[in-house]
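Working notes, structure below.
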Amino acid sequence: MLEELKKVVKQTEDANVPARFLFGEVKKLSPLTVLVDSRFYLSPPALVVLKEMYGHKHIVPGHSTEVASNHSHGVMQFDSNIAEALKVGDKVVLLRNYGGQEYLILGRL
């Protein structure tokens, strides 16, 4: 009984700690799962992910310069990664929300 009471008190104290930084590792992508401090796993909805963490590409369209003296230059279309998506094995920094119900991925290490 005493051990259970100690456990409840510790959980209550932990829940009242203001936001804090934690470290984790991406273990799975679908659903996104992060192992936090080698102690516990998080997935949405407890895990909050900014759009930037999903990555996205920007397409630069092909074009050519104006012709001058019978000469011009062409640029081929290409994709440019603005942000790279999270991958399994990425080390991440998380911010625990007050109360410990939500964890925001701030970025990669």
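The sequence shown begins at 560 in the working numbering and counts up by one. Every residue, glycine too, gets a C-beta built ideally from N, C-alpha and C. Remember, predicted model here, so these are calculated numbers, not experimental data.
1. Return the bridge partner residues of L591 from the DSSP annotation.
2. Does DSSP put L564 in a helix, in a strand, or in coil?
3. Mind checking R579: buried by the 16 CB within 10 Å criterion, or exposed?
4. When the Cα atoms are used, what is the spatial distance from L564 to F599?
5. How close, in whole Å, do the beta carbons of V585 and G648 come, if the pair is a contact with beta carbons under 8 Å?
6. Determine the direct distance from the alpha carbon of I618 to that of N629, and round the result to whole angstroms.
7. Could you check the C-alpha separation between L668 and G658 for me, to the nearest Å?
8. Among all the DSSP beta bridges, which residues are the ones paired with V647?
9. Using CA coordinates, which residue listed in L581, S597, E611 and S623 is at the minimum distance from E643?
Based on what the coordinates show:
1. Paired residues: L588.
2. helix
3. exposed
4. 22 Å
5. Right, their Cβ atoms sit about 6 Å apart.
6. 29 Å
7. 25 Å
8. For V647, which the question treats as bridged, DSSP gives no partner whatsoever.
9. That would be E611, whose Cα lies nearest to the Cα of E643.
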